[in-house]
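Enquirer: First to last, the sequence lines map onto chains A and B. Using my numbering, the letters of the first sequence correspond one by one to residues 897 to 1363. Using my numbering, the letters of the second sequence correspond one by one to residues 897 to 1363. By construction, the Cβ of each residue, glycine as well, lies at the ideal position given by its N, Cα and C atoms. Every value quoted in this text rests on a predicted model; they were computed, and no experiment measured them. Sharing a structure below in structure tokens format, with a few things to ask.
There are 2 protein chains.
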Amino acid sequence: MAASARIKPTIYLGAFVHSVALKELELQEKGAIGVDDNGVIAFVERDVQSIEDVREKHAAFKEADVVEVKDGFFFPGFIDTHTHAPQHPNTGLFGQTTLLSWLQTYTFPMESSLSSLPLARTVYTNFVSRTLSHGTTTCAYYATIHVPATNLLADICHSLGQRALIGRVCMTSSLSPPTYRDASESSALADSLASIQYIRTLDPSAILLHPIVTPRFAPSCTASTLSSLASLASSTHSHIQTHISENVSEVELVRELFPECTSYTHVYDTAGLLTPRTILAHAVHISPAERHIIRERGAKISHCPASNTALTSGCCAVREMLDEGMTVGLGTDVSGGFSPSILEECRQAIWVSRFRAMGGGDRVKISTEEALYLATRGGAAVCGFEEQVGGFEVGMLWDAQMVVLDVVDEERVGERGGFEGKGGVDVFGWETLGERVQKWVYSGDDRNTVAVWVRGRCVHRTGRFKG
Amino acid sequence: MAASARIKPTIYLGAFVHSVALKELELQEKGAIGVDDNGVIAFVERDVQSIEDVREKHAAFKEADVVEVKDGFFFPGFIDTHTHAPQHPNTGLFGQTTLLSWLQTYTFPMESSLSSLPLARTVYTNFVSRTLSHGTTTCAYYATIHVPATNLLADICHSLGQRALIGRVCMTSSLSPPTYRDASESSALADSLASIQYIRTLDPSAILLHPIVTPRFAPSCTASTLSSLASLASSTHSHIQTHISENVSEVELVRELFPECTSYTHVYDTAGLLTPRTILAHAVHISPAERHIIRERGAKISHCPASNTALTSGCCAVREMLDEGMTVGLGTDVSGGFSPSILEECRQAIWVSRFRAMGGGDRVKISTEEALYLATRGGAAVCGFEEQVGGFEVGMLWDAQMVVLDVVDEERVGERGGFEGKGGVDVFGWETLGERVQKWVYSGDDRNTVAVWVRGRCVHRTGRFKG
Chain A
897 MAASARIKPT IYLGAFVHSV ALKELELQEK GAIGVDDNGV IAFVERDVQS IEDVREKHAA
957 FKEADVVEVK DGFFFPGFID THTHAPQHPN TGLFGQTTLL SWLQTYTFPM ESSLSSLPLA
1017 RTVYTNFVSR TLSHGTTTCA YYATIHVPAT NLLADICHSL GQRALIGRVC MTSSLSPPTY
1077 RDASESSALA DSLASIQYIR TLDPSAILLH PIVTPRFAPS CTASTLSSLA SLASSTHSHI
1137 QTHISENVSE VELVRELFPE CTSYTHVYDT AGLLTPRTIL AHAVHISPAE RHIIRERGAK
1197 ISHCPASNTA LTSGCCAVRE MLDEGMTVGL GTDVSGGFSP SILEECRQAI WVSRFRAMGG
1257 GDRVKISTEE ALYLATRGGA AVCGFEEQVG GFEVGMLWDA QMVVLDVVDE ERVGERGGFE
1317 GKGGVDVFGW ETLGERVQKW VYSGDDRNTV AVWVRGRCVH RTGRFKG
Chain B
897 MAASARIKPT IYLGAFVHSV ALKELELQEK GAIGVDDNGV IAFVERDVQS IEDVREKHAA
957 FKEADVVEVK DGFFFPGFID THTHAPQHPN TGLFGQTTLL SWLQTYTFPM ESSLSSLPLA
1017 RTVYTNFVSR TLSHGTTTCA YYATIHVPAT NLLADICHSL GQRALIGRVC MTSSLSPPTY
1077 RDASESSALA DSLASIQYIR TLDPSAILLH PIVTPRFAPS CTASTLSSLA SLASSTHSHI
1137 QTHISENVSE VELVRELFPE CTSYTHVYDT AGLLTPRTIL AHAVHISPAE RHIIRERGAK
1197 ISHCPASNTA LTSGCCAVRE MLDEGMTVGL GTDVSGGFSP SILEECRQAI WVSRFRAMGG
1257 GDRVKISTEE ALYLATRGGA AVCGFEEQVG GFEVGMLWDA QMVVLDVVDE ERVGERGGFE
1317 GKGGVDVFGW ETLGERVQKW VYSGDDRNTV AVWVRGRCVH RTGRFKG
């Protein structure tokens, strides 16, 4: 089915949960959300007494399908603001490396091998399916330097129905490995443009797909390339994504490579890469002054806590960023990160903030509610999609997941294999909806996400989904 | 089947992995491990060419069953050295609390409710089944203050076939809540003794079950009770478990409650609770001098990183403990910890060590190999079972799990729901056995543990197990 094809109007009935502010979840036990034939939310009803009442009130939904959630709730689809699809086969392989040694040992060889389209097809299809199965409805992907494989990733997202930003990675610097590097700045720009044009042709109304200009990071590109890419993004009205200040040695390297700049942020600012459509991943080791510049430019932050922990990169100052009004979302950063799940990333963001709190006081702690905000509304704002996705509001798109939690069955308890097909959450029956959400965040996994929709189209479902 | 009943001799064929030293895993691609009718490992063969060769060499196994692992490996069962079965329904509920407020808000009310035997049956059956499904073959449990419910936990472990240490929790101090407290020291001692006697009667040869004397922690018991419990443990030859120095406010409280003692460790040492059969959970905020005393007494440490992170307790100095020759294992500490999985605890131990490394250098990092050692051999030594379980050696017991990792199926990739029943690990085919282990540790879950044995008896299996 084409992404733009009409769907059957549907009423999503039952509990729903979404962020209404950074620190506040709406917990609605008896909801009914009407989604029209274009995937747009037409109404959001609360404290619903019966489906008949809803149909009565909304004439256009008299014949609508009904999808009801039991023992769970609807939740907005997750937004992954930073991940590397070609690195997925390396997930879990990092050993004791840190960023720069990890890139050389694991990452560049793997990315380089994606010049093979059959391999790219297997890896990308697997990874996009994985992210969908974890409830990720929007994903900002780094591909590789290869145009055909990058375009294939776009094809796969389009075909599997995921909202995506897709970037051909640009690496012109002689510090990039000889076997995995753009031949020249002009070829790099031509390749990035070719990929942008391909994506625009594939999805001319940008129903799902957006190209994103992707200088890998400052050490991978010359100053000239960085500026040229900023111009390319501007002239093609594209998003921009790159990495910033992930690791102390990397920051030191950038200082050596760009002695004329006063900071890592200054390198990108000089190039014109800091725009309201720019996603900066990590930002672990930036100063308050750098945060100020980024905020002034309207650029956004992708916080990737799992990766920052796994690679011992450091702890991002998310509390300060939020207090200062910066826009922050979460990124899985596979395979620096070890999971394609934004739910896992919520937990990791909370752990990072707790480690910061051990040294610096409770104020920096990120709450469950805040983590879920970053995973949805925050991520949407990072991508510039905050008017369309991330919450349940009239006029927004139905990018959502159905979460089901298992109530402990006293009859089956202790049966051998009784947990098969169930997620990690045990509900005992007395939990409030808010407590169920807490249990989901800390113990849930992809088994609890039984169905996923993007723009009203079902893009993932498990055998447990009764649609 | 009674735990002592004879089983059919079995050859476990295929890859196996286990710790042979703190920093070293043995990775054997072509193994064959023979387990006799008493669940004891009779032989461990390596580089096996055919099952016929094995049968030829070991006459007693000519007719033995064969259980073969494909796309995976056998691994020793996990040892959970510290968890609270009655707190399982609260898993994931802790919000922004820290230890002392968390105990009052969540823990004591939940534990108190386990005076109900029907509730205890549901909770304990569910939790023991959960831990088995995650590959935990030995578990050190805290129950509640209630003798009948504690004895029920023993019954359930016995019936489900898990090796367990089971402790009635002792709380005599007036700081314990009036609704959840032992009536007096003498009743507490009588109740603890009754529970010890029940467990000894249930399993007179200690095939699976061991009683463990369990003063909750210093603030819950008077000095007199602590001493009396040490005597009880001594006279009944029981293990001892308690908590130590988990949280800064708790340490402060202990200082106020026991002004005659120079440290938290000194409180327990004065009472005679530090013995070679003592398991001390947490030990986050202990000084090098306290570590020295604990080591001198031969007491053991249960490191509970998930709990310490979730409750913002702090980071345990595991590297220093290991360097000093202390015995350390892992504990899930449900529900301060948010998962019944020791595999998750391996990851959390690694994250905690990485956060320490961010401030203190790479030397303190715990490697994947070390985490797996703590989860098996380390935990076994914490419980005093290091001669019986934790590795694959002739004369040890077959406490083991079969781990299966899914090879990405190019034909099925991208199929809707194609991940159902699979774990989080994607194997692409080129990975070495060592890399598969790494992927399992960082992305695996209970779906990858397809069968579990304790003393040769299969105590858990999923539909994917082809036995």
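Could you tell me the alpha carbon to alpha carbon distance between Phe1315(B) and Val1024(A), rounded to whole angstroms?
Expert: Approximately 12 Å between the Cα atoms of the pair.
Enquirer: Are Ala1179(A) and Pro972(A) touching if we call contact CB-CB under 8 Å?
Expert: For Ala1179(A) and Pro972(A), no; Cβs fall outside 8 Å.
Enquirer: Report the neighbours of Lys1335(B) on chain A: residues whose CB is nearer than 8 Å to its CB, in chain order.
Expert: Near Lys1335(B) (Cβ distances below 8 Å), the residues of chain A are Thr987, Gly988, Leu989.
Enquirer: Is the CB-CB distance between Ser915(B) and Tyr1269(B) below 8 Å?
Expert: Taking 8 Å as the Cβ cut-off, Ser915(B) and Tyr1269(B) qualify as a contacting pair.
Enquirer: Distance cutoff 8 Å, beta carbons only. Does Tyr908(B) sit that close to anything in chain A?
Expert: With 8 Å as the cut-off, Tyr908(B) does not count as an interface residue toward chain A.
Enquirer: According to DSSP, is Ala1129(A) helix, strand or coil?
Expert: Three-state DSSP puts Ala1129(A) in a helix.
Enquirer: Once the 5 residues before and after Val1304(A) are set aside, which same chain residues still bring their CB inside 8 Å of it?
Expert: Asp1322, Val1323, Phe1324, Gly1325, listed in sequence order.
Enquirer: Would you say Lys919(B) faces chain A, with C-beta separation under 8 Å as the test?
Expert: Answer no: the Cβ-Cβ gap between Lys919(B) and chain A never drops below 8 Å.
Enquirer: Which residues mark the beginning and the end of the alpha helix (DSSP H) in which Cys1242(B) is found?
Expert: Segment 1238 to 1256, the alpha helix (DSSP H) holding Cys1242(B).
Enquirer: Ignoring anything shorter than 3 residues or poking outside the region 1045 to 1102 of chain A, list the beta strand (DSSP E) runs there in chain order.
Expert: With a minimum length of 3 residues, the continuous beta strand (DSSP E) runs that stay inside the region 1045 to 1102 of chain A are 1059 to 1063.
Enquirer: Pull up the CB-CB distance for Phe912(B) and Gly935(B), whole angstroms please, since I reckon it's below 8 Å.
Expert: The Cβ separation is near 16 Å, so there is no contact.
Enquirer: Could you please give the first and the last residue of the uninterrupted alpha helix (DSSP H) stretch that includes Thr1018(B)?
Expert: Element bounds for Thr1018(B): 1013 to 1029.
Enquirer: Excluding five sequence neighbours on each side, which residues of the same chain lie with their C-beta closer than 8 Å to the C-beta of Glu1289(A)?
Expert: These residues qualify, in order along the chain: Ile937, Val940.
Enquirer: Hey, quick one: how far does the beta strand (DSSP E) through Trp1349(A) stretch, first residue to last?
Expert: Where Trp1349(A) is concerned, the enclosing beta strand (DSSP E) stretches over 1345 to 1350.
Enquirer: Go through its chain and collect everything with a Cβ distance to His1356(B)'s Cβ below 7 Å, but skip five positions before and after it.
Expert: Leu1028, Ser1029, Ala1347, Val1348, listed in sequence order.
Enquirer: Are the C-beta atoms of Gln992(B) and some chain A residue less than 8 Å apart?
Expert: Yes - at least one Cβ of chain A is within 8 Å of the one on Gln992(B).
Enquirer: What residues in the region 1146 to 1159 of chain A have a beta carbon less than 7 Å from any beta carbon of chain B?
Expert: Under the 7 Å Cβ criterion, the region 1146 to 1159 of chain A contributes no residue.
Enquirer: Comparing the C-beta of Tyr1076(A) with each C-beta of chain B, is any distance below 8 Å?
Expert: Not closer than 8 Å to any Cβ of chain B, the Cβ of Tyr1076(A) fails to qualify, so no.
Enquirer: Kindly list the residues whose CB is nearer than 7 Å to the CB of Leu1085(A), restricted to its own chain and excluding five residues on each side of it in sequence; keep chain order.
Expert: Closer than 7 Å at Cβ, skipping near neighbours: Ser1124, Leu1128.
Enquirer: Using three-state DSSP, classify Leu1329(A) as helix, strand or coil.
Expert: It is helical.
Enquirer: Just to confirm, are Thr1138(B) and Leu1176(B) a CB contact at a threshold of 8 Å?
Expert: Taking 8 Å as the Cβ cut-off, Thr1138(B) and Leu1176(B) qualify as a contacting pair.
Enquirer: Are the beta-carbon atoms belonging to Ser1339(B) and Phe990(A) less than 8 Å from one another?
Expert: Taking 8 Å as the Cβ cut-off, Ser1339(B) and Phe990(A) do not qualify as a contacting pair.
Enquirer: Indicate the three-state DSSP secondary structure (helix, strand or coil) for Ile1182(A) in the structure shown.
Expert: Coil at Ile1182(A), not helix or strand.
Enquirer: Please report the straight-line C-alpha distance between Val962(A) and Val931(A), rounded to a whole angstrom.
Expert: Distance between the alpha carbons of Val962(A) and Val931(A): 10 Å.
Enquirer: Just mark Gln1000(B) as buried or exposed, buried being the case when its beta carbon has 16 or more other beta carbons within 10 Å.
Expert: Burial call: exposed.
Enquirer: Are the beta-carbon atoms belonging to Ser1083(B) and Val1109(B) less than 8 Å from one another?
Expert: Not a contact, by the Cβ cut-off of 8 Å.
Enquirer: Does any residue of chain A have a CB that is nearer than 8 Å to the CB of Arg1026(B)?
Expert: Chain A, which has a Cβ nearer than 8 Å to the Cβ of Arg1026(B), makes this yes.
Enquirer: Let's see if you can read the secondary structure: which residues bound the beta strand (DSSP E) around Thr979(B)?
Expert: Per DSSP, Thr979(B) belongs to the beta strand (DSSP E) from 974 to 980.
Enquirer: Can you give me the Cβ contacts of Ala1126(A) inside the same chain, cut-off strictly under 6 Å, excluding the 5 residues immediately before and after it?
Expert: Cβ neighbours of Ala1126(A) beyond the five flanking positions: Ala1167, Gly1168, Leu1169.
Enquirer: Which same chain residues, not among the five before or five after Ile1052(B), have their C-beta less than 7 Å away from its C-beta?
Expert: Cβ neighbours of Ile1052(B) beyond the five flanking positions: Tyr1020, Thr1021, Val1024.
Enquirer: By the DSSP assignment, the beta strand (DSSP E) with Tyr1038(B) in it spans what residues?
Expert: Per DSSP, Tyr1038(B) belongs to the beta strand (DSSP E) from 1032 to 1038.
Enquirer: Quick one: using the 10 Å Cβ neighbour count with 16 as the cut-off for buried, is Gln1093(B) buried or exposed?
Expert: Exposed.
Enquirer: Let's test the definition: count the other Cβ atoms within 10 Å of the Cβ of Asp1258(B) and tell me whether it reaches 16, buried, or not, exposed.
Expert: Exposed, since its Cβ has fewer than 16 Cβ neighbours within 10 Å.
Enquirer: Tell me the residue span of the beta strand (DSSP E) that contains Phe1281(A).
Expert: No beta strand (DSSP E) holds Phe1281(A); DSSP gives it neither H nor E.
Enquirer: My assumption, with CB atoms under 8 Å, is that Leu847(A) sits in contact with Thr979(A). Please give the rounded CB distance.
Expert: Beyond the ends of chain A as shown, which are 897 and 1363, falls residue 847(A); an answer cannot be given.
Enquirer: With distance defined between alpha-carbon atoms, name the residue in Gly1194(A), Arg1017(A), Val1278(A) nearest to Ala981(A).
Expert: The option with the nearest alpha carbon to Ala981(A) is Arg1017(A).
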